[in-house]
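Visitor: Take a look at the following structure, please.
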Amino acid sequence: MAIKASATTPPWVLRCGRLGLIPFLAPGLAGWIWPAAAPTAGAALAVYAALILSFLGGGRWGMAVAAPQVDSRIVSLAMLPSLAGFALLMLPAEARGWQLAGLAAAHVLQGVWDLRATTVPPWYAGLRGQLTLVAVAGLALGLVVLRP
Numbered sequence: 134m135a136i137k138a139s140a141t142t143p144p145w146v147l148r149c150g151r152l153g154l155i156p157f158l159a160p161g162l163a164g165w166i167w168p169a170a171a172p173t174a175g176a177a178l179a180v181y182a183a184l185i186l187s188f189l190g191g192g193r194w195g196m197a198v199a200a201p202q203v204d205s206r207i208v209s210l211a212m213l214p215s216l217a218g219f220a221l222l223m224l225p226a227e228a229r230g231w232q233l234a235g236l237a238a239a240h241v242l243q244g245v246w247d248l249r250a251t252t253v254p255p256w257y258a259g260l261r262g263q264l265t266l267v268a269v270a271g272l273a274l275g276l277v278v279l280r281p
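Using the numbering used here, read the sequence shown as starting at 134 and increasing by one per residue.
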């Protein structure tokens, strides 16, 4: 699936988004090509997915505190992606399948929440939706290839 910029999507944002997908896809491909790398690749994928969840939650937190009227519910909810990612990283390596499935679910939930944001530019929803789909596809590939 190609990610296309709308007429108003800043090109640098699109490039950064695309580059940010590489660590979602590379571990599964590495584990498929070199099965001996699967344990390390699975751990790397889980850590990156948790970091991006934290990044996305921080973005929502930043939007919430920058609003003229700060909504304490959104500020509080924006902390959940970081906590979910951290909790999932605490699962043992033997539970890598559950870990990656949980991270994929958390990314879907965060993506749905972000698509409902009202304080973002018009191009954001399309870009965010496409990036989420590819990230979740990378986690699904990891779930199939990288779990012990």
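Where is the CB? At the ideal position from N, CA and C, for every residue including glycine.
Ends of the alpha helix (DSSP H) at Met196?
Guide: The residue given as residue 196 occupies position 63 in the sequence shown. First-last of the alpha helix (DSSP H) with Met196: 171-199.
Visitor: If Ala239 and Gly218 are in contact, beta carbons under 8 Å, what's the gap, nearest whole angstrom?
Guide: As a first step, residue 239 must be located in the sequence shown, where it is residue number 106. As a first step, residue 218 must be located in the sequence shown, where it is residue number 85. Going by Cβ atoms, the distance from Ala239 to Gly218 rounds to 7 Å, so yes, they are a contact pair.
Visitor: Please state whether the Cβ-Cβ distance between Leu272 and Ala237 is less than 8 Å.
Guide: In the sequence shown, residue 272 corresponds to position 139, counting from 1. In the sequence shown, residue 237 corresponds to position 104, counting from 1. Their beta carbons are under 8 Å apart, which means Leu272 touches Ala237 by this criterion.
Visitor: Taking C-alpha atoms, which residue in Phe157, Leu184, Gly275 lies nearest to Ala220?
Guide: Residue 220 sits at position 87 when you count from the first residue of the sequence shown. Of the candidates Phe157, Leu184, Gly275, the one whose C-alpha sits nearest the C-alpha of Ala220 is Leu184.
Visitor: Quick one: any contact between the segment 147-157 and the segment 166-173, if contact means 3 or more CB pairs under 8 Å?
Guide: Too few Cβ pairs lie closer than 8 Å, so no.
Visitor: With a Cβ-Cβ cutoff of 8 Å, do Ala211 and Gly190 count as a contact?
Guide: Residue 211 sits at position 78 when you count from the first residue of the sequence shown. Residue 190 sits at position 57 when you count from the first residue of the sequence shown. Here Ala211 is near Gly190, since their CB atoms are less than 8 Å apart.
Visitor: Would you report the Cα separation of Ala182 and Gly195, rounded to the nearest angstrom?
Guide: Taking the first residue of the sequence shown as 1, we reach residue 182 at position 49. Taking the first residue of the sequence shown as 1, we reach residue 195 at position 62. Those two C-alpha atoms are separated by around 20 Å.
Visitor: Just the C-alpha distance for Ala199 and Gly192, rounded to the nearest angstrom, thanks.
Guide: As a first step, residue 199 is located in the sequence shown; it is residue number 66 there, counting from the start. As a first step, residue 192 is located in the sequence shown; it is residue number 59 there, counting from the start. So the two alpha carbons sit approximately 11 Å from each other.
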